[in-house]
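Residue numbers (full-length UniProt numbering): 1 to 225.
Okay, here's the thing in C-alpha cells:
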C-alpha cells in the first residue's frame, strides 16, 4: 500500500518529494529577534520618558516671565521700604558718647520719626531730640538736642569749654542751635554754629533696644518766654 503524502510535502516535476515546511529557527536567530524587540521597546520607553519631561518643563518664556516678576516684586519692595524710611520713619542705631546719659554710647536702637517734621517744620521745639546730617562729615548722621530756635539769643557755651560764657549769638531764620547732652564730649553748634533746618531729618520717637530700657522720648524742657 503506497504511503499517504504529508500535507507539508509536495512533488517536484521530477517526482521527488519536497518538504514545504520552513526550517525551525536556530537558537542564535531566536536570541537576535528577542534582543531586537527589547531594544525597540526600550527606545520607545526612553522616547516617551523624554517627551513627558519636556512637557513638564516650563517653557523658557514662562521661566523668564517668572524671573522678571520676581525681580519686579523685589524692586517694588525695596522702593517701598526706601520711601517709608525716607519720609515716615526708620529704625536706627546710636553710636558715640555725645548723648550720655540720655542714650548709651553703644548698643541702643531708636525709632526715628520723619513724618512730623516733614509735614510741619515749625513743630520742632526746644528740647526735642533730632537727627540731622552732620555739617562736618558728609554722609554721617548725628543726634543732638535742640537748644535754640530761629530768633533765640543763645549763650554759645555756658560751660566755657569751647567759648567764653559771655558770648551770645542770635539764631538766624531757617536755623536751629543744637547741643549734645554730654557737652564735654560733644561736637555741636558750639563748634559749627547754627544749623540749617534743611539738614534736619526728623525727631527721635522711642528707644526700643535694649528692651529693659524701652523709652518713649518726651520733651523735658520748660521754656520761659
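We put the CB at the ideal spot given by N, CA and C, even for glycine. For clarity, every value in this text was computed on a predicted model and none was experimentally measured.
Spatial distance of residue 125 from residue 149 (CA atoms): 8 Å
Length-filtered (3 minimum) beta strand (DSSP E) runs lying within the UniProt domain "Peptidase S26" (78-157): 89-94, 108-113, 129-133, 141-148 and 153-155
Inter-residue spacing [alpha-carbon to alpha-carbon] between residue 120 and residue 199: 15 Å
Cβ-Cβ distance between residue 239 and residue 190 below 8 Å: Shown here, the chain extends from 1 to 225; a query on residue 239 therefore has no answer.
C-beta contact flag for residue 216 and residue 197 at 8 Å: no
Bridge-paired residues (DSSP) for residue 201: DSSP lists no partner for residue 201.
Helix, strand or coil at residue 211 [DSSP, three-state]: helix
Three-way DSSP call (helix, strand, coil) for residue 196 in this model: strand
Endpoints, the beta strand (DSSP E) within which residue 176 is located: 175-179
Proximal residues to residue 209 (C-beta, below 7 Å), its chain only, five neighbours per side dropped: 108 and 109
Own chain, CB closer than 8 Å to residue 201, minus 5 neighbours either side, in chain order: 112, 114, 117, 130, 131, 132, 133 and 141
C-alpha gap between residue 213 and residue 206, whole angstroms: 10 Å
For residue 169, the first and last residue of its enclosing beta strand (DSSP E): 168-170
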